[in-house]
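Q: Residue numbers (the numbering used here), protein chains in the order written: chain B, 362 to 473; chain H, 40 to 154. Positions of the beta carbon are idealized from the N, C-alpha and C atoms, including for glycine.
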Amino acid sequence: KQEVTQIPAALSVPEGENLVLNCSFTDSAIYNLQWFRQDPGKGLTSLLLIQSSQREQTSGRLNASLDKSSGRSTLYIAASQPGDSATYLCAVLSGSARQLTFGSGTQLTVLP
Amino acid sequence: DVKVTQSSRYLVKRTGEKVFLECVQDMDHENMFWYRQDPGLGLRLIYFSYDVKMKEKGDIPEGYSVSREKKERFSLILESASTNQTSMYLCASIPTGRRFGQPQHFGDGTRLSIL
């Protein structure tokens with residue numbers, strides 16, 4: 362059964378710093394990996410989706426990488442801003458399942 | 040933009056009540072999902088549906104049922120609510136026929152409390 366782990370569980374950084382969020386998964390036979398953002402009391406907003414054949418995806422200040430063989434993905438946020446404060450979740454689509462398996466998330470706080 | 044709308048943001052019900060959570064999407068997506076989110080447990084899939092009147096169990100279907108009478112609407116039903124069903128419920132949809140290539144779109148969630 363696929364398991365997804367996110368480290369750290371919480372992270373606090375000063376504004377302007379570059380930071381990396383980590384995601385690991387146990388079964389490397391994935392179709393894709395998706396990063397989401399969740400604000401308190403809200404639903405999930407899709408940030409980036411990486412297909413299994415891709416190595417990375419970029420959107421603005423966000424860059425997500427995928428190393429399928431090692432079961433790892435990273436989300437890089439450049440020049441962090443207080444508005445980036447949220448919980449970031451990664452999820453993988455894998456196996457014969459038609460669903461995403463989610464990590465527990467990293468709660469990011471960017472201090473002004 | 041895809042819009043996934045959940046009928047209630049907050050809901051308080053009593054033990055034993057039958058509870059309906061409604062989800063509507065406006066982009067003609069065939070695939071819809073219900074998750075619950077709990078601290079320390081993350082998101083877990085309850086049920087999903089790939090077409091009208093079609094449903095499949097997710098990881099934690101016990102105590103729940105679903106209804107998909109129209110393509111745009113996917114309802115989650117708690118047949119007899121219990122306190123352990125207090126949670127945040129999230130609905131999602133993805134485009135037709137491209138399950139593996141497109142991101143899931145989520146509603147804002149329903150925070151359900153069972154007293």
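Run through DSSP, which three-state label would Thr387(B) get?
A: For the purposes of this step, residue 387(B) is taken as the residue at position 26 of the first sequence. The answer is coil: DSSP assigns Thr387(B) none of H, G, I, E or B.
Q: Going by the DSSP bridge assignment, what does Lys52(H) pair with across the sheet?
A: Reading the second sequence from its first residue, position 13 is the one you call residue 52(H). Answer is Ile153(H).
Q: According to DSSP, is Asn379(B) part of a helix, a strand, or is it coil?
A: Numbered from 1 along the first sequence, position 18 holds the residue referred to as residue 379(B). It is coil, neither helix nor strand.
Q: Going along chain H in order, which residues have a C-beta closer than 8 Å to the C-beta of Leu382(B)?
A: Taking the first residue of the first sequence as position 1, residue 382(B) is located at position 21. In chain order: nothing, as chain H lies at least about 15 Å away.
Q: What does the Cβ neighbour count give for Gln64(H), buried or exposed, with the cut at 16 atoms within 10 Å?
A: On the second sequence, residue 64(H) is found 25 positions in, with the first residue counted as 1. Buried, by the Cβ-count rule.
Q: Is it the case that the Cβ atoms of Cys451(B) and Val381(B) are separated by a distance below 8 Å?
A: In the first sequence, counting from the first residue as 1, residue 451(B) sits at position 90. In the first sequence, counting from the first residue as 1, residue 381(B) sits at position 20. No, Cβ-Cβ distance for Cys451(B) and Val381(B) is not below 8 Å.
Q: Can you name the residues that DSSP bridges to Asp77(H)?
A: For the purposes of this step, residue 77(H) is taken as residue 38 along the second sequence, with counting starting at 1. DSSP output for Asp77(H) lists Gly81(H) as bridge partner(s).
Q: Along the stretch 95-107 of chain H, what residues have a CB closer than 7 Å to any CB found in chain B?
A: Against chain B - using a Cβ distance shorter than 7 Å - the residues of the stretch 95-107 of chain H are Gly97.
Q: List the residues of chain B that His144(H) touches, going by C-beta distances under 8 Å, in chain order.
A: Position 105 of the second sequence, counted from the first residue, corresponds to residue 144(H). Ser407, listed in chain order.
Q: Taking Thr54(H) as the reference, which of Tyr128(H), Ser106(H), Gly102(H), Cys130(H) has the closest Cα?
A: For the purposes of this step, residue 54(H) is identified with residue 15 of the second sequence, where counting begins at 1. Looking at the Cα atoms, Gly102(H) is the closest of the given residues.
Q: Let's see if you can read the secondary structure: which residues bound the beta strand (DSSP E) around Glu364(B)?
A: Position 3 of the first sequence holds residue 364(B). Premise fails: Glu364(B) is in no beta strand (DSSP E) and is neither H nor E.
Q: Could you check which residue in Asn393(B), Arg416(B), Leu469(B), Ile368(B) has the C-alpha nearest to that of Ser385(B)?
A: Numbered from its first residue, the first sequence carries residue 385(B) at position 24. For the residues Asn393(B), Arg416(B), Leu469(B), Ile368(B), the minimum Cα distance to Ser385(B) belongs to Ile368(B).
Q: Cβ of Asp65(H) less than 8 Å from any chain B Cβ?
A: By 1-based counting over the second sequence, the position of residue 65(H) is 26. No, no contact with chain B.
Q: Would you call Arg422(B) buried or exposed, if buried means 16 or more other Cβ atoms sit within 10 Å of its Cβ?
A: Translated into positions along the first sequence, residue 422(B) becomes position 61. Exposed, since its Cβ has fewer than 16 Cβ neighbours within 10 Å.
Q: Decide if the stretch 120-134 of chain H is in contact with the stretch 66-79 of chain H; the criterion is three or more beta carbon pairs, one per stretch, under 8 Å apart.
A: With a cut-off of 8 Å, the stretch 66-79 of chain H and the stretch 120-134 of chain H count as touching, because enough Cβ pairs lie within range.
Q: I'd like the span of the beta strand (DSSP E) that includes Asn123(H), first residue to last.
A: Counted from its first residue, the second sequence places residue 123(H) at position 84. From DSSP, Asn123(H) is part of no beta strand (DSSP E); its letter is neither H nor E.
Q: On the criterion of 16 or more Cβ atoms from any shown chain inside 10 Å, does Leu472(B) qualify as buried, or is it exposed?
A: In the first sequence, counting from the first residue as 1, residue 472(B) sits at position 111. Exposed.
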